[in-house]
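What follows is a short report on a single structure.
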Amino acid sequence: MKKNLLPLVLVCACFHLHGATAPWKMIYSNDTTNILVCDSPYHRRGDNTFDEEKIRMSVREAAVKGMGAQLLQPGTSWVPWWRSTLVPLKEHEQWFRAHFGIEPSVPMHRFLLEGGDLIDTFAAECLNYNIDAIVSFRANDSHLQEYAFAPLTPSPGMAGCISRFYVEHPEYRRGSLSAIEWKDRNHNWAIPEARAYKEALLWELIENYPKLAGVEIDFMRHPFYFPDSLPLSRRVSIMTDFIKKARAALDEVAKKTNGKHRYLGVRVPMSATEWKDVGLEPKAWENAGVDYFNLSPSYCTTQQTDIAKVRAAVSRAAIYAELTHTAMTWRMGGEGYDDHNYRRMTKEALESTARLFYARGADGVSLFNFVYYRAHGGYREYKGPFDEPPFAALEKLAQRKQLEQDAPAYFFLWARDVPFERKTTRSFEMDMLPKGTARGVLRILVLTQNELPMGETEQPEKIDRGKWTVKLNGSTLTAKGAASVAYPYPTDIKAGFNHAAQYLEFDVPAGAIKNNRNEISVTSIGISQTMHLRWIEVVQQ
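For the sequence shown, my numbering assigns the number 764 to the initial residue and increments by one for each residue that follows.
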């Protein structure tokens, strides 16, 4: 980046539009990377060509009825995947080549350097389906930044996310170069120069693409911005300042063009316990210019949320709650980003979760990582068989009244594979919205140590899973024994549920489920070895 651009002082435009409530019932996020990472009808494994048609097809497949907006994530937002004079792509690749001694090889870069435009193509295809086009800008993504410094060496494809600015300013990191956690790789936004880089890129993006309906600032990749000692008030002040500048840039574009309001969204933690990490105070952010809050669990869908707290705090901004392709992941025993299997979100899980989101105050739902039902990454022989994403299930998610007719299916996003010794009791709260007083079944998935890394094609151990006591709101449930199916509904999804023999079932009496928080305790009372609780679900009949 040219040195005279930092630090950058962004002057707020005097022209200001009153905030507007985002009108959509459903928004869909496209991370761009999936286009060449996932096997799909428009991409075969080994095909590294990136072109306009692939972008357009990634928009078309999610252009279902009720989809009001689609969001494109142009990379990690460290290296611009848009028309940029701040960090020209050709100059960036020259620096990467000289600094690392590695020839860059990023298909998206070839597309851009040959005159293509990711954002223009995306926006044009959205327009063909009367869908608003939004760009989701990642504020502090730390994916692959561990390769920016020795002793690790980046691969040619990492030229798309390792920037010169990041490499030349290790002092801006939250942690030292020897620190290995995700949050240590993030930049410390208490340092003005660190956030000024992202301010400049975001302003450029907004100015260069006036046809966009707005931008979303993704604070979730990754949600660690400040030293632990920094007071919350200072964090909120820094973040609202950043938001005001983005709001001013969008208003300036509106002033120069057609006067139409441009939406400003923020992707932020769904759990209030994580709000301090991003300096989130919903009312202050709304006052700074946020039009919608996209509440995210980060990766795994959860039904335990703080939607109601945001709803109580804001008066104008819309609230979207995020659904992803999975409700849980578990390690397969290897290393890297893709060495995990994952429980796929089914039609019933999507609909029941959306139903709960609406009941707790959401105006709509958002979809993130939705295409990753498809074959992708490593360990495919263990993670498969794979499926096409259930796009046909999306339309109903925008129809709150229809969702209210569904029989609920609820689950608890448990900490990964919690061990139980003999006479171990663990308790938790589970948010549920019962349909009437119908009876139900509570199911627990319990695994041996050897079964933890197993893939779907591997058979479980033939053992007695032991005796367990489960209480719901203080009442002991009657044990039914082993389950007969791995998943309690007919489904086309072929993997992600483990095996029927690993589940135990318990009767839930009529009227036992409360609206809102339900107390559940699980006790191992007769097991011959350490067992691990992976999954809990309640299905009403």
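We treat Cβ as the ideally placed atom computed from N, Cα and C, and that holds for glycine.
A quick note: this is a predicted structure, and the numbers were derived from the prediction, not measured.
Thinking just about the alpha-carbon of each residue, which of the options is nearest to the one in residue i?
| i | options | result |
| --- | --- | --- |
| LEU1130 | GLU816, ALA832, GLY809, ARG807 | ALA832 |
| ARG823 | ALA1112, ALA886, ARG927, PRO1148 | ALA886 |
| GLN857 | HIS872, ARG846, ALA783 | HIS872 |
| PRO1223 | ALA1242, VAL1233, ASN1261 | ASN1261 |
| PRO1251 | GLN1292, THR1109, ASN1278, PRO870 | THR1109 |
| ALA1058 | THR1036, ASN1050, ALA1051 | The amino acid occupying residue 1058 in the given sequence is Leu; Ala does not appear at that position. Among THR1036, ASN1050, ALA1051, the Cα nearest to that of LEU1058 belongs to THR1036. |
| CYS801 | THR1232, ASN1213, TYR1136 | TYR1136 |
| MET1308 | VAL842, GLU934, VAL898 | Outside the modelled stretch of the chain, which goes from 764 to 1304, sits residue 1308, for which no answer is possible. |
| ALA1170 | SER868, GLN1067, MET1195 | MET1195 |
| SER1115 | PRO1148, SER905, ALA825, LYS1198 | LYS1198 |
Do you know offhand how far residue i's Cα is from residue j's?
| i | j | result |
| --- | --- | --- |
| LYS765 | TRP787 | Residue placement at LYS765 is flagged as unreliable, the pLDDT there being 42, under the threshold of 50; the coordinate-derived value follows with that caveat. Their Cα atoms are separated by approximately 39 Å. |
| LYS1159 | THR1065 | 19 Å |
| PRO1182 | LEU964 | 46 Å |
| SER926 | VAL1134 | 27 Å |
| ASP1069 | SER1034 | 5 Å |
| GLU909 | ALA1017 | 39 Å |
| PRO1152 | HIS1139 | 13 Å |
| ASN767 | TYR960 | Caution applies to ASN767, whose pLDDT of 42 falls short of 50 and renders its modelled position unreliable; the model cannot decide the point. |
| GLU1300 | THR848 | 52 Å |
| THR916 | GLU962 | 28 Å |
| LEU1086 | MET1002 | 25 Å |
| ASP939 | GLY809 | Sequence check: residue 939 is Ser here, not Asp. Rounded to the nearest angstrom, the two C-alpha atoms are 37 Å apart. |
| SER1291 | GLY1229 | 7 Å |
| THR1239 | GLU1268 | 13 Å |
| ARG1118 | ALA1047 | 28 Å |
| GLY1141 | ASP1102 | 6 Å |
| ALA783 | GLU1015 | 16 Å |
| TYR988 | PHE912 | 20 Å |
| MET1193 | PHE928 | 44 Å |
| ASN1305 | LYS1023 | With the chain covering 764 to 1304 only, the question about residue 1305 has no answer from this structure. |
| THR884 | LEU835 | 11 Å |
| LEU890 | HIS950 | 36 Å |
| MET1091 | ARG1179 | 8 Å |
| VAL827 | ALA1172 | 24 Å |
| ARG846 | ASP991 | 36 Å |
| LEU1113 | PRO1060 | 14 Å |
| ARG1025 | ILE1256 | 39 Å |
| TRP1038 | THR1232 | 35 Å |
| THR1316 | ASP1040 | Outside the displayed span of the chain (764 to 1304) sits residue 1316, for which this structure offers no information. |
| GLU931 | SER899 | 25 Å |
| ASN1213 | VAL1248 | 21 Å |
Are residue i and residue j close, meaning C-beta to C-beta below 8 Å?
| i | j | result |
| --- | --- | --- |
| ARG958 | ASP947 | no |
| PRO837 | ILE882 | yes |
| VAL978 | LEU1027 | yes |
| ASP981 | ARG901 | yes |
| ILE818 | GLU888 | yes |
| THR1286 | THR1187 | yes |
| THR812 | PRO870 | yes |
| TRP1298 | PHE1120 | no |
| ALA1084 | ALA1125 | yes |
| ILE969 | LEU1013 | yes |
| GLY879 | GLU815 | yes |
| GLY1042 | ARG1094 | no |
| THR1200 | ALA1122 | no |
| LEU975 | ALA1051 | no |
| PRO867 | ARG860 | yes |
| PRO986 | PRO1032 | yes |
| GLY1203 | ILE1276 | yes |
| ALA1081 | ASP1054 | yes |
| ARG1206 | ALA1246 | yes |
Kindly indicate the opening and closing residues of the alpha helix (DSSP H) around residue i.
| i | result |
| --- | --- |
| ARG807 | Neither: ARG807 is in no alpha helix (DSSP H) and is coded neither H nor E. |
| MET983 | No alpha helix (DSSP H) holds MET983; DSSP gives it neither H nor E. |
| HIS872 | 870–876 |
| MET820 | 815–823 |
| ILE798 | 797–800 |
| ALA1009 | 995–1019 |
| ARG1145 | Correcting the residue identity first, residue 1145 is Tyr in this sequence and not Arg. Looking at the DSSP string, the run of the alpha helix (DSSP H) that includes TYR1145 is 1143–1146. |
Is residue i near the ligand HEM, in the sense that its beta carbon is under 7 Å from a heavy atom of that ligand?
| i | result |
| --- | --- |
| PHE1191 | The ligand HEM is absent from the structure shown, which contains no ligand whatsoever. |
What span of residues does the beta strand (DSSP E) with residue i cover, start to end?
| i | result |
| --- | --- |
| GLN1030 | For clarity, residue 1030 is Arg in the given sequence; the question names Gln instead. That run of the beta strand (DSSP E) goes 1026–1032. |
| HIS950 | Segment: none, HIS950 is in no beta strand (DSSP E) and carries neither H nor E. |
| GLY1182 | Residue identity differs from the one stated: residue 1182 is Pro in this sequence, not Gly. Per DSSP, PRO1182 belongs to the beta strand (DSSP E) from 1181–1183. |
| GLN833 | 832–835 |
| VAL1209 | 1203–1211 |
| PHE1191 | 1188–1195 |
For residue i, would you say it is in contact with chain C, using Cβ-to-Cβ distances shorter than 8 Å as the test?
| i | result |
| --- | --- |
| THR1020 | Protein chain content of the structure displayed is limited to a single chain, and chain C is not contained in it. |
Please go through the stretch 1228–1293 and give each complete beta strand (DSSP E) segment of 3 or more residues, from N-terminal end onward. 1230–1235, 1242–1245, 1266–1271, 1279–1289
Counting only runs of 4+ residues fully inside the stretch 885–947, write out the alpha helix (DSSP H) ranges in chain order. Along the length of the stretch 885–947, whole alpha helix (DSSP H) runs at least 4 residues long occupy 927–931, reported in chain order.
Considering only residues of the stretch 1046–1080, which uninterrupted beta strand (DSSP E) runs meet the minimum length of 3 residues and lie entirely inside it, listed in chain order? 1055–1059
Segments assigned alpha helix (DSSP H), at least 4 residues, entirely inside the stretch 1080–1133: 1110–1122
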